[in-house]
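Note sheet for the following structure.
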Amino acid sequence: MGRYVIRRLLQMIPVFIGATLLIFLMVNVMGDPIAGLCGERQCDPATATQLRKEFGLDQPVWQQYLTYMGNVFTGDFGTAFNGQPVTELMGSAFPVTIRLTIVAILFEIVIGITLGVITGLRRGRPVDSGVLLLTLVVISVPTFVTGLLLQLLLGVEWGWIKPSVSPDAAFGELIVPGLVLASVSLAYVTRLTRTSIAENRRSDYVRTAVAKGLPRRRVITKHLLRNSLIPVVTFIGTDIGALMGGAIVTERIFNIHGVGYQLYQGILRQNTQTVVGFVTVLVIVFLVANLLVDLLYAVLDPRIRYA
């Protein structure tokens, strides 16, 4: 296990470098950041030259990337165009988005897996058809429609929640935004769990456990569910980074100042330092989540061993 973890960590290095290089190149060709900094008015040549020199934009792109990566390994993600260090923006944004992601993941695990197990054990029955229809509707409706509809009904019409989240963004205020963020993924988790449960239910080891006279609950939890959760864990693990990076719509609807909000502001203002810095951290989140998912395989299925 130890050698496997070391090998995976070494494999993450070229992936991290390649991903950050691609992001850095894409962000630097999407427009002129100095033009975005000056707003609607065009910067005079002297000011533009000074700003390019100050932010290192007068150097070749490859040199800018090497300088940026060298600073990243020392914990310096650069300075936003408003003079605020990117690390300060991260310090205020990431805790909010992490709380929002935790709420969303809990919805996926509790509701998605529960519905998937129920429908997988009752495949072809009315409850199965009803849940499949419901998940299809959730997948078909865009997230911004779901968010705006819940905000209008629960926040404006009925007054059950605040239409916008306060700057503190406590867990209680993030329940509805977390449900909106997790809605599509929750539907996929339900369908994936249902399919996996229905397939493994016909396996030989399940028939053997039933033939031995084991209680139904033990057959489902200890034998059927553990093996059926492997594809579900894979999806949820990779979805962690996707939820954190894809929360732009949800955070804009509920006025949550998290990672999605900062990315939106950075793209809107062509603030390359902010965009690249936040996406760099999200790449690390993706890599660590994938590693943890691979390690969980051995916990769920004892037959899996890492050399």
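For the sequence shown, our numbering begins at -18 and goes up steadily by one. Virtual Cβ for every residue (Gly too), placed ideally from N, Cα, C.
Query	Result
Range covered by the alpha helix (DSSP H) that runs through D220	R207 to G226
Host alpha helix (DSSP H) of N181 (start-end)	I156 to N181
Residue from A179, S164 and G59 with nearest C-alpha to G93	S164
Proximity winner among I265, G258 and L277, relative to E69 (alpha-carbon distances)	G258
Neighbourhood of A(-4) by C-beta distance below 7 Å, restricted to the same chain and skipping five residues each side	Just to set this straight, residue -4 is Val in the shown sequence, not Ala. Counting only Cβ-Cβ distances below 7 Å, and skipping sequence neighbours, we find L268.
At least three beta-carbon pairs within less than 8 Å, the stretch 189 to 203 to the stretch 128 to 147	no
For P66, the residue or residues it bridges with in DSSP	T60
Nearest-angstrom Cα separation, counted from Q132 out to R(-11)	43 Å
Inter-residue CB distance, V146 and F75 (contact presumed, cutoff 8 Å)	Actually they do not touch by this definition, with Cβ atoms about 16 Å apart.
Neighbourhood of Y242 by C-beta, 6 Å cutoff - its chain only, sequence neighbours within 5 removed	E232
Beta-carbon spacing of G226, L263 below 8 Å	yes
Between the CA atoms of I237 and T326 - distance to the nearest angstrom	There is no way to answer for residue 326, as the model of the chain reaches only from -18 to 288.
Per-residue burial, Q254 [other beta carbons within 10 Å of its own, 16 or more giving buried]	buried
Given I211 as reference, the closest of L162, L224, A228 and E180 once Cα atoms are compared	E180
G93 (DSSP reduced to helix, strand or coil)	helix
Integer-rounded CB distance, given that L102 should sit under 8 Å from L155	At roughly 32 Å, the Cβ-Cβ gap does not stay under 8 Å, so L155 and L102 are not in contact.
Check whether F88 and L173 have beta carbons under 8 Å apart	no
CA-to-CA distance, V157 to Q65, given in whole angstroms	31 Å
Helix, strand or coil at D149 [DSSP, three-state]	coil
G72 beta carbon less than 8 Å from that of V230	no
Through-space distance from I90 to N252, alpha-carbon basis	36 Å
Supposed contact pair V77 and G239 - C-beta distance, whole angstroms, cut 8 Å	4 Å
Sequence-distant residues of the same chain with beta carbon closer than 8 Å to V214, five excluded per side	V274, L277, Y278 and L281
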